[in-house]
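Working notes, beginning with the structure itself.
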Amino acid sequence: MTNTGDVAGNAVNVRARRAKQVRVARVAWAVVLFGGCMYVGARRIGVVPALGPLLDPANGIWAVARAADLPRDMSAAIPGLQRGVRVVYDRRAVPHIWASSVADAMRTLGYVVARDRLFQLEVQTRATAGRFSEWGGGGSAVLSMDRQQRSLGLVRSAERDLEQLDSASADMKLLAAYADGVNAWIDGMRPRDVPFEYRILGVRPMRWEPVYTLYLLKRMGYVLSYSTHDQVRRRVELLIGEAAAAALFPINSPIQEPIQPNGLSEPRFDFGPLPDPQLQQPDQELVVAHRLAPSFTVPHRLSPSLTAPHHPSPSGAVGGVGSNNWAVGPSRSATGSAMLAGDPHLELTLPAIWYEVHLVVPGELDVYGVTIPGIPAVVIGFNRDVAWSFTNAEADVVDYYREVLDNDEQPTEYHVDGEWLPLEQRIERYLGRNGEVLAVDTVYFTHRGPLVQGDHARLSMRWTVLEGASATAEFFNVGRAASVTEWLAATESYVAPAQTGVVADREGNIAIRSTGHFPIRAGDGKGTTIRAGVVSQHDWRGFWDVGSYPFAINPEQGFLASANQQPIDPRVDARYLGVNWIPPWRALQINALLRADSAVTTAEMRLMQTHPGSARADLFVAAFLAAAERVLAVADDAGLERAAQLLTAWDRKYTKDNERAILFEHAMQELVTRTWDELETPAGDRVATPSQANLLQLMEYPESLWWDVVATEDTVETRDEILTASLEAALDRTIEELGPPNEGGWRWDRVRHANIYHLLGFPSLSALDLPVQGGPSTLNPLSGGGTHGASWRMVVELGPRVRAWATYPGGQSGNPASPRYDDRIQQWTDGEFDEVLYPHSEADLPTSDVLAVLTLQPGRN
Amino acid sequence: MTRLTLLQIVLLSVAVALATTVVGWWAVPLMAAIWGLVSRADERPALTASLAAGLGWGLLLIWTAGAGPIRVLASRAAGVMGISVLTLVALTVLFPMALAWSAALLGEVTRNAVDNRRSAR
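Set out below in C-alpha cells:
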C-alpha cells in the first residue's frame, strides 16, 4: 500500500509537470504566433503584400481615405519655383493654375498632376520602358510583355531625343520644370498620400525624370501608329494571291468622304469588281507565320492599353473604335461664331487617360483643356482665341525590311549595298523585385531601326515614332496660338504620331490638317510590302512637305470634319499615305448631319457626339432586306421572313432601349464569317478581316466567287444566299442567347456595355457593365469588349465669350476612395456635359464654385 | 477585469495608436513586448496588450472614418484582396491583437526568466 503522503506528493508533481507543460506550450505557441505575425507583417508572400504596413490604420491602406478629399486650403513649397502660385480647384475639381512664368506653371502642373495621378504616371512610364517585372508578380507573362516592349526601341529613341535637346531649349525647360513639380509632390508626400495601388503592390513611387515625358510621347506613338500590317498582308497573299490581297486591303477606300473636302456634296462609292481569290494550298510559310503572329495577349491584371497598340491587326480599328472632330464656320453656325467639337477615342481606363486643367500665365498663356499625365502641356483644348482637337491620322508610318545578317543567332553585321555594316547592340536587363536579373536580351539596330523577328526572317523596322523629336514644344505652343494661322504654324514641326488636327478661331476661321512625318518611299512609293534590306535604294527618301499635307481652311461647305478616314481623295492626290483605311461610316454620319443643318448649335453638336444613328446600318440593312425580298419572292422560308420582319422594324439606331440592333450586329458577324472564309487557315483562324467598306463593295457583285463557301465543294453560293443565311442564323443565335424578341432580352443596354477597367484590371476599382447609347460605327462607338470609346468629349463655341462643354469617363482623382475618382462616369454614359468654368481671374470664380485652394511657395532645393 | 486593468488597457491603446501613427505598425510588437517586460502589476500582460492593440487600431480606424470616405475605400480594397469588407476590418483588428499577445507573452516570459535567474542566485 502507498501512504497518503506519497499520493499527495505524486499529485503535486503531476500538477507541476502539467503546469510546466502548459507554460511551455503557451510559450511555444507565442513564439510561433509572433514569428508568423512578424513574417506576414513584414514580408510579401506571393501577391499578398506585407500585412503590417498594409493594414496599419494610420499609415497603411486605410489612410488613403484621409487623402480622398481635397482640403479647402492647402499650401506647399516647390523647390525651384520662382514666385508664389495660386491653384484654385473648381467644383469639378479642375485646377486653375495662376503662375507668373511658364516654368512655374509647368512646375505646378507637374505637382497637381502627381497629387492626383501619381500611380498612373509611373504605370505609363513602366509600360513604355518595359519595367513591370521590377514590381514582381505576373510571372512570365509580364516579363514577356517587358521584352516585347523593349524590342521596339522606344526607350532608346526617347533617350536620343533627350540627348539632342539643348539644355537651354524651351523643350528642355518645360520637361525639367514639370519633373521638378512631380518630384516636389513625391518628396513632400505624407504616408496617407501614397496612392492605393503602391500599397497593394507593396512598392514605393519612383522619382520622375524629364525623359519620362518623352517615354510617354513614344507610348502615344506606339498606341496610335504601330503596325505589323506589312507582315499580316504577306500572310494574306499566301492564302489568296497578291492581286486579291491588294483588293481586299486597298490603298484607297472604296467609299470616298475625305477629310480634305473634294468638292462633292455627297460621298462617292468607288465600287469596282474585286479580283477572285486565287486560293492556294497553305504552305509551311503561312502555317509558321500564323503561329508566330504577335498575340498581344494581355498579361494578368494589366490593362490592355499597357500592352496592345491601337491596331493589333490590319482589319481596321479595334472593334469599331475611332475618334471624331469637326468644326463649323460662321456660315453654318446658329450664332455666327465658329464652333468646334472633338472626342478622341482611346482605351477607357480608371484613372482616365486625360486630366482637365486651366493654365494661366498673364500675357503668355491662358489655356484650358486636357493634358495626359506626364505631358507639360494641354493636348486638346482651347484658349481665348482658338480651339482644337485631334483624331488619329491612321497613316502608314511603319515599314519593314528583310535583312541579311552575318549570323542569325548572334548577328554583328548586316548587308547593305555589298558592304557589311555593324549592328548597334543594346543590352536589355530585366530585373525582378529585389534587383535580381531575370533575363538579358540583346536588341539589335540597323540604320533603319530595331531588328524584330518576322515570320521567317529578321526584319528591321523603320518607324517615324522612333525618329521623332519631342513633341512637347508643339503641344505647348498650340496653347498660345491666337489664330488658326498661328496654330497651324505651331504644329508644322510636329513629327509623330501623325494626327489630324481641326482648329477654329474667334475670327470665324476653321481649318483641318493631317500633320506628322509621312514617309516618301522608293519605287512605287507604297508601304504595303516587306522590302529587301540589302539595298539602300529601298530606304525612305524623306518626308512630305508640310505644304502638301492633307489640308483645308474655310471651305465653301462651311464645315470640316475627320473621323480617321482616308484624308485625301485619290482623285485629288494619289500619293500613298496609308492602306486599309477605317471605313468612313462616322465621317458619313457627321457630314450628313452637318450638311443637313444650316444653323448648327452647340447643343446639337453635343448631341451629335452620342448620336445613335449609323451610316453602316443604313447601308447594310438595306442589303439584307433586299436579299430577303428577292429570296422570299421565289421560295417560302418562315425563318427568313420572320428575321426580315424584325429587321425591317429596326429604326437603325443604337439607343439603349433598342431591341433590334443586336439582330443586325449578329447578322453582320455571320456575314463576315461566311464571306471571308477564304482567309481562314486550315486551323480555322482568320488571318485578317477586310474592312466592311470592302464588304459593301462586294454587294455590288452578286455572283462574285468571294460569296462562295469554300467548304461546300459541290455548290457555288451567291450573295443573296449568304446574306439571307446570315440573317436567319443571326435570328436563331439571338433567340438562343437572349430569348424571344420583344421580351426585353434584346435591349441594347443589356447586351452592349462600356467597361472601364482600372489600370491594374481590378474589378472593384473599375466601372463595368455601363449601359451606353451607340454601337459599332456610330459616332459613339464602343469596341466589342466595351473597353475603348470616347475618352474626352468637348464642344467649344468661339463667340465674344468663349464657352465650352466637356466631360470624360472618369474623374480628376486617381484615388479610388475619392468621390472625384469616377464622378463623371454617369454623366458620360448619359451623354451629358458640364459647362466648364473658364475664368479670367481667380476673382471671376464665385466662392460657391471653389472646391479648394492650393498656395505654392518657392522652396529650398 | 478590474478598473485598474481597464484603465491600463485604455491608456495602452492610446499609446499604441499614437505610436503607430508616428512609427508605423512596428509600434505594436515593440510596445507589447515592453509591456510584457515591465508590467509586473498586471497578471495577464499578454491579454492586456492584445486588447489594447486591437482597441488602439480600432480607434485609428474610427478616426480615419471621420476623416474620409472609409466605406468606399473598404469596399474597393476588400474587392482587390478578394475578401469581404467585414473580413478586412476584422483582419485589421485581429492582426495587431495576435501580434501584441505573442509579443507581450514573450516579454513576460523573458521577464520571468530573468527574475528566476536572479532569485536563484
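Quick note, the sequences are listed as chains A and B, same order. If you use my numbering, the first sequence corresponds to residues 1 to 861, in order. If you use my numbering, the second sequence corresponds to residues 862 to 982, in order. Note that CB positions come from ideal geometry on N, CA and C, so glycine has one too.
Under the Cβ distance rule, Ser936 of chain B counts among the residues neighbouring chain A, one pair being separated by less than 8 Å. Contact residues of the region 892-926 of chain B toward chain A are Trp918, Leu921, Leu922 and Thr925 (C-beta to C-beta distance below 7 Å). The C-beta of Pro809 of chain A comes no closer than 8 Å to any C-beta of chain B.
Within chain A, not a single residue places a beta-carbon under 8 Å from that of Leu873 of chain B; the smallest gap is close to 16 Å.
At a C-beta separation below 7 Å, Ala964 of chain B has these neighbours in chain A: Phe34. Assignment of Gly153 of chain A by DSSP, reduced to helix, strand and coil, places it in the coil class.
Under a 10 Å Cβ-count criterion, Tyr212 of chain A is classified as buried, with 16 or more other Cβ atoms of the shown protein chains found around its own Cβ. For Leu340 of chain A, the enclosing beta strand (DSSP E) starts and ends at Ala338 to Asp343. Going by DSSP, Gly221 of chain A is part of the alpha helix (DSSP H) stretching over Pro210 to Ser225. When only Cα atoms are considered, Tyr414 of chain A and Asn407 of chain A end up about 9 Å apart. At a beta-carbon threshold of 8 Å, none of the residues of chain A lie near Thr971 of chain B; the nearest stands roughly 10 Å away.
Listed in chain order, the beta strand (DSSP E) runs fully inside the region 381-462 of chain A are 386-392, 398-402, 413-416, 419-422, 424-431, 437-445 and 451-453, counting runs of at least 3 residues. In terms of Cα proximity to Asp366 of chain A, the closest of A:Pro550, A:Gly435, A:Asp455 and A:Phe476 is A:Phe476. For Thr881 of chain B, the C-beta contacts it makes with chain A under 8 Å involve Asp56, Pro57, Ala58 and Asn59, in order along the chain. Residue burial annotation: Gln453 of chain A is exposed, with fewer than 16 other C-beta atoms found within 10 angstroms of its C-beta.
Residue contact check for Met38 of chain A against chain B: a CB pair falls below 8 Å.
For Val853 of chain A, the uninterrupted beta strand (DSSP E) run begins and ends at Val850 to Gly859, by DSSP. Contact between the region 556-572 of chain A and the region 751-763 of chain A is absent, with fewer than three C-beta pairs closer than 8 Å. At a cut-off of 8 Å between beta-carbon atoms, Arg66 of chain A makes contact with chain B. Residue burial is scored here from C-beta neighbours: Tyr39 of chain A has fewer than 16 other C-beta atoms within 10 angstroms and is therefore classed as exposed. Proximity of chain A to Thr948 of chain B at the Cβ level (cut-off 9 Å) is not reached, the minimal Cβ distance being about 12 Å. Looking at the DSSP output, His758 of chain A bridges to A:Leu350. Per DSSP, the beta bridge partners of Lys653 of chain A are A:Gly613.
Check the Cα spacing between Val236 of chain A and each of A:Arg160, A:Glu680, A:Gly533 and A:Ala393: the tightest is with A:Glu680. Burial check for Pro250 of chain A: the Cβ neighbour count within 10 Å reaches 16 or more, so the residue is buried. In the three-state reduction of the DSSP assignment, Thr718 of chain A falls in the coil class. Any Cβ of chain B closer than 8 Å to the Cβ of Ala561 of chain A would place that residue at the interface, and such an atom is absent. Counting of Cβ neighbours within 10 angstroms places Gln410 of chain A among the exposed residues, the total staying below 16.
In this structure, the straight-line span from the alpha carbon of Glu163 of chain A to that of Ala176 of chain A is close to 13 Å. When C-alpha distances from Gly468 of chain A are compared across A:Ala25, A:Ser157, A:Arg506 and A:His666, the shortest belongs to A:Ser157. Sequence-distant Cβ neighbours of Leu451 of chain A in its own chain, meaning closer than 6 Å and more than five residues away, are Tyr444, Arg458 and Ser460. For Tyr355 of chain A, the enclosing beta strand (DSSP E) stretches over residues Tyr355 to Val361. Restricting attention to A:Leu488, A:Ser598, A:Gly137 and A:Trp540, the CA atom closest to the CA of Pro550 of chain A is found in A:Leu488. In the DSSP assignment, the residues bridged to Ile78 of chain A are A:Pro858.
The beta carbon of Gly336 of chain A sits closer than 7 Å to the beta carbons of Pro330 from its chain, once the five residues preceding and following it are set aside; these are given in chain order.
With fewer than 16 other beta carbons inside 10 angstroms of its own, Thr971 of chain B counts as exposed.
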